[in-house]
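Protein sequences, first through last, are from chains R and F.
Take the first sequence: its position 134, counted from the start at 1, is 134 in my numbering, and no numbers get skipped.
Take the second sequence: its position 68, counted from the start at 1, is 68 in my numbering, and no numbers get skipped.
Have a look at the structure below before the remarks.
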Amino acid sequence: MKILVGLGTCGIAAGSETIYRSLAARAGNGGPKFELGKTGCLGMCYIEPLVEVLDDLGAVWQYGGVTEDKLDRILDEHVAGGRPVDEWLVWSDEGRGNEGAYLARQNRIVLRNCGRIDPEVLEDYLAVGGYDALRKVLQDKDPDGLINLVVESGLRGRGGAGFLTGMKWRFTRLATGDHKYIICNADEGDPGAFMDRSVLESDPHSVLEGMAVAGYAIGADHGYIYARAEYPKAIERLNIAIAQAEARGFLGDRILGSDFNFHIRLKEGAGAFVCGEETALIGSIEGHRGMPRVRPPFPATKGLWGCPTSINNVETFANVPWIIANGAAAFNCLGTANSKGTKVFAMAGKVRRGGLVEVPMGISIREIVFEICGGIAGDRKFKAVQMGGPSGGCIPAELYDTVIDYESINKTGAIMGSGGLVVMVETTCMVDIARFFLDFTQRESCGKCTFCRVGTKRMLEILTRICEGEGRDGDIELLEHLAHLVKNNSLCGLGQTAPNPVLTTLKYFRSEYEAHITNKKCPAHHCQKLLTYTITEACTGCLACGRVCPTGAITGEKKQLHHLDQSKCIQCDECHKTCRFHAIVRS
Amino acid sequence: MSDHKKIDFKTLQYAGQEGRLIPLLQQAQAQDGYIARERLQEISEQTGAPIAQIYGVATFYAQFRFQPVGKHILRVCHGTACHVAGAKAISEALESHFGIHDGETTPDREYTLETVSCLGCCSLAPVIMIDGATYGNLSPTDIKKVIKQHRQAGEEVVKK
């Protein structure tokens with residue numbers, strides 16, 4: 001018997017390190033015998049910590065929501081007695097378990113090893129066919145054939161823009177330069193997206209292998225990984241993986257006895273969202289302020305240190321070894337006419353099962369949210385999904401049959417982006433969401449283009465005043481006007497897409513804007529300045545609200561129904577937070 | 001800086017490389033907790049780049065701080081999922097617990113409060129991170145408990 005504990009960031013936050021230590025203490029304690037191991041993230045973040053039991057017949061049994069006091073029963077009944085504890089079983093390859101629906105409809109290519117192997121043990125990766133793709137590529141000695149294969153697979157960049165990966169490699173291969181570079185964009189800055197973090201933490205070698213293959217294809221001898229400093233675990237495991245791969249000859253000089261040299265260096269980002277843009281990212285690696293520059297020349301001809309450079313993101317690289325091992329046809333038979341393969345989505349917000357979901361392109365939003373992720377958490381009403389982070393938009397509930405492919409998503413006004421999918425319900429105010437994203441892009445604008453720098457600032461001011469009940473007639477039109485100016489007059493993707501959250505919420509939820517401006521009401525009861533607080537009959541006269549009210553708006557005797565003077569109320573929410581009898585309602 | 005120790009930037013692994021400026025700044029911050037004026041001077045002397053340029057790069061990136069920080073950095077996630085799940089209330093609870101605002105340090109120099117865009121643990125929203133440890137599924141009333149836990153854990157380490 002072997003027991004594996006999921007030690008990704010989500011798992012650790014949910015307490016899996018305690019579980020691991022507790023198991024380690026029991027392993028040598030005379031109880032049931034088992035071997036203890038670590039693994040990464042299976043993507044079932046909603047039911048962490050996860051513990052996997054691998055029995056002597058090789059069957060996998062996954063337990064979720066494991067706490068220290070559950071361990072005794074799992075060890076006694078399952079490990080010692082051979083009887084799985086069905087109550088806590090989330091999944092098993094025999095079809096038992098309560099959460100099978102979450103994994104059943106997924107098709108895991110990028111996440112194939114996540115939560116299955118120990119990310120810090122190279123042998124684990126080799127045991128599942130790791131570095132076979134690199135070996136094959138080096139034996140074939142046919143970089144052009146390799147590029148053709150990737151083109152044929154239809155793999156498009158998973159970072160957001162969706163450019164054909166094989167074409168990018170071909171352009172870089174054909175470009176002339178003393179050196180060529182591969183860059184892995186691991187600067188996952190979109191709030192709400194965490195698939196790259198998970199892949200780097202759970203299966204770092206697949207990304208290194210993908211980069212080495214790309215390096216061979218274009219003729220590069222150096223690669224850089226530009227990783228977010230906010231992901232300490234991912235950086236730690238990448239460093240371990242790079243050292244292991246170098247020691248075993250999968251990276252470095254004369255890889256696997258060939259004449260191919262490829263070195264990978266890790267660069268920690270310093271916290272700038274705009275560095276997700278490729279020319280800004282290059283600037284940052286070179287040690288400058290990360291500001292985008294005019295393209296062309298594209299990095300494929302003039303990139304890092306002026307040399308041809310191919311930049312792909314983490315998820316894209318993780319696909320590459322699989323495509324080489326399984327062939328282009330196995331990949332391009334999945335998906336739609338122009339979007340092939342699978343896409344990983346980071347599910348978050350008011351959804352029952354949040355975590356990582358890898359589905360074939362062409363599946364609908366409804367299927368992801370309701371069939372895989374179990375629908376909406378609590379008794380809430382599904383309102384919208386936000387896709388693509390600050391560059392994306394909100395797709396309303398009525399369009400939930402929209403299928404996932406680059407073109408269909410673009411038609412709604414949102415973008416595929418890196419794959420963050422945040423589910424929103426009727427208590428989410430769409431004007432506030434637009435303001436939230438614009439606040440982000442406005443802060444992250446590098447300031448090079450006037451329209452992005454000043455335009456987003458002015459738009460944010462308008463949205464803020466709408467949320468605070470100071471909206472004026474004509475504000476909606478002014479927002480639309482500014483949005484188009486910012487979109488059309490910015491150099492890079494940040495500015496060109498920054499107005500998307502505003503434009504999509506205006507398109508689908510215009511009446512909410514109008515309610516804020518004209519009626520001074522927030523239909524979602526979210527914007528505090530637009531709320532009216534009243535005290536209902538449920539009041540017991542406990543005096544607590546009156547004590548916290550900073551303006552003395554609440555009066556009343558002990559054990560008597562209290563009164564709230566609207567003219568003094570500043571909507572600070574203190575009374576509502578304090579009341580234990582739900583006697584203060586917001587409307 | 002009373003306990004100012006010079007960093008010999010020349011001995012660092014990336015010293016001679018192009019693009020070394022950001023790793024040098026990161027090194028300085030890792031050692032001192034912030035970028036001190038003296039460090040800018042040192043980096044300038046050793047790289048030949050003017051201080052204005054170094055300062056320009058350093059101020060561009062959110063990571064670099066120019067004020068000393070507390071012993072622990074407490075980051076409050078304000079990503080999309082956390083925003084929807086009530087990150088604002090978490091920030092307010094922290095601010096009132098410590099009696100400081102975002103970006104400030106407690107008078108005992110123990111904690112510095114920072115707002116960040118996304119920690120990538122969206123399914124645990126709302127989330128805070130104290131140094132390397134993540135705490136999820138919080139409500140404003142949990143804050144007291146989390147801080148107490150963290151302080152105790154710290155004391156245990158000291159005792160050992």
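All C-beta atoms in this analysis are idealised placements derived from N, C-alpha and C, irrespective of residue type, glycine included.
Neighbour flag for residue i against chain R, beta carbons, 8 Å
i: F:Gln31; result: no
i: F:Gln149; result: no
i: F:Val157; result: Unreliable placement is indicated for F:Val157, whose pLDDT of 48 sits below 50; the coordinate value is still reported in the next sentence. Judged by the 8 Å Cβ criterion, F:Val157 is not in contact with chain R.
i: F:His90; result: Before going further, note that residue 90 of chain F is Ile rather than His in the sequence given. No, F:Ile90 lies away from the interface with chain R (no Cβ there is under 8 Å from its Cβ).
i: F:His83; result: yes
i: F:Ser117; result: yes
i: F:Gln63; result: yes
i: F:Ser139; result: no
i: F:Ala15; result: Residue placement at F:Ala15 is flagged as unreliable, the pLDDT there being 45, under the threshold of 50; a coordinate-derived value is accordingly withheld.
i: F:Arg20; result: yes
i: F:Thr134; result: yes
i: F:Gly86; result: no
i: F:Ser123; result: yes
i: F:Val76; result: no
i: F:Gln26; result: yes
Boundaries of the beta strand (DSSP E) in which residue i is found, first to last residue
i: R:Phe331; result: Run containing R:Phe331: none in the beta strand (DSSP E); it sits in the alpha helix (DSSP H), 328 to 332.
i: R:Gln386; result: 382 to 387
i: R:Lys267; result: 263 to 268
i: R:Gly37; result: 35 to 39
i: R:Ile535; result: 533 to 535
i: R:Arg108; result: Note, R:Arg108: premise wrong, no beta strand (DSSP E); not H, not E.
Assigned exposure category for residue i - 16 Cβ within 10 Å defines buried
i: R:Thr333; result: Looking at the sequence provided, one finds Cys at residue 333 of chain R rather than Thr. Exposed, by the Cβ-count rule.
i: R:Arg108; result: buried
i: R:Leu174; result: exposed
i: R:Ala245; result: buried
i: R:Ser587; result: exposed
i: R:Phe436; result: buried
i: R:Arg580; result: exposed
i: R:Arg158; result: buried
i: F:Lys145; result: exposed
i: R:Val314; result: buried
i: R:Val213; result: buried
i: R:His222; result: buried
i: F:Gln152; result: exposed
Distance, residue j Cα to residue i Cα
i: F:Pro229; j: R:Ile242; result: Since the first residue shown for chain F is 1 and the last is 160, residue 229 of chain F is missing from the structure and cannot be characterised.
i: F:Cys122; j: F:Gly48; result: 43 Å
i: R:Val385; j: R:Gly58; result: 39 Å
i: R:Cys467; j: R:Arg458; result: 14 Å
i: R:Glu152; j: R:Ala220; result: 22 Å
i: R:Gly541; j: F:Cys82; result: 34 Å
i: F:Glu38; j: R:Gly306; result: 33 Å
i: F:His101; j: R:Cys522; result: 28 Å
i: R:Asp565; j: R:Gly552; result: 9 Å
i: R:Lys411; j: R:Tyr181; result: 34 Å
i: R:Asn239; j: R:Asp124; result: 17 Å
i: R:Cys575; j: R:Lys381; result: 27 Å
CB contact below 8 Å: residue i versus chain F
i: R:Val151; result: no
i: R:Ala348; result: yes
i: R:Glu268; result: yes
i: R:Cys572; result: no
i: R:Ser284; result: yes
i: R:Val454; result: no
i: R:Thr9; result: yes
Residue span of the alpha helix (DSSP H) that contains residue i, given as start and end
i: F:Tyr55; result: 51 to 60
i: R:Glu152; result: 143 to 153
i: R:Ser310; result: Unbroken run through R:Ser310 is the beta strand (DSSP E), 309 to 313; no alpha helix (DSSP H).
i: R:Arg396; result: Inspection of the sequence shows that residue 396 of chain R is occupied by Pro rather than by Arg. First-last for R:Pro396: 393 to 396, but that is the beta strand (DSSP E), not the alpha helix (DSSP H).
Near the ligand HEM: residue i beta-carbon under 7 Å from a heavy atom
i: F:Lys88; result: By its list of ligands, the structure shown contains no ligand whatsoever, and the ligand HEM lies outside what it can speak to.
>> Measuring CB atoms only, is the stretch 140 to 147 of chain R touching the stretch 261 to 281 of chain R, in the sense that at least three cross pairs come out at less than 8 Å?
In response: With the cut-off at 8 Å, the stretch 140 to 147 of chain R and the stretch 261 to 281 of chain R do not touch.
> So does the stretch 164 to 171 of chain R actually touch the stretch 335 to 348 of chain R, counting three or more Cβ pairs closer than 8 Å?
Replying inline: No, because fewer than three Cβ pairs between the stretch 164 to 171 of chain R and the stretch 335 to 348 of chain R fall closer than 8 Å, the two stretches do not touch.
>> Any contact between the stretch 301 to 309 of chain R and the stretch 189 to 196 of chain R? By contact I mean 3 or more CB pairs, one from each, below 8 Å.
In response: Output reads no: the stretch 189 to 196 of chain R does not touch the stretch 301 to 309 of chain R.
>> Within 8 Å, do at least three Cβ pairs link the stretch 62 to 69 of chain R to the stretch 16 to 34 of chain R?
In response: With a cut-off of 8 Å, the stretch 62 to 69 of chain R and the stretch 16 to 34 of chain R count as touching, because enough Cβ pairs lie within range.
> Do the stretch 348 to 363 of chain R and the stretch 46 to 53 of chain R make contact, defined as three or more Cβ pairs closer than 8 Å?
Replying inline: Taking 8 Å as the limit for Cβ pairs, the verdict is that the stretch 46 to 53 of chain R does touch the stretch 348 to 363 of chain R.
> Are the stretch 197 to 214 of chain R and the stretch 31 to 43 of chain R touching by the rule of at least three beta carbon pairs closer than 8 Å?
Replying inline: Counting Cβ pairs under 8 Å, three or more are found: they touch.
>> I'd like to know if the stretch 478 to 489 of chain R and the stretch 439 to 455 of chain R are in contact, where contact means that at least 3 CB-CB pairs between them fall below 8 Å.
In response: Contact between the stretch 478 to 489 of chain R and the stretch 439 to 455 of chain R is present, because at least three Cβ pairs lie under 8 Å.
> Do three or more CB pairs link the stretch 101 to 113 of chain F to the stretch 68 to 78 of chain F at distances below 8 Å?
Replying inline: Judged by Cβ distances under 8 Å, the stretch 101 to 113 of chain F makes contact with the stretch 68 to 78 of chain F, as three or more pairs qualify.
> At a cut of 8 Å, does the stretch 423 to 439 of chain R reach the stretch 79 to 99 of chain F through at least three beta carbon pairs?
Replying inline: Yes: at least three Cβ pairs fall under 8 Å.
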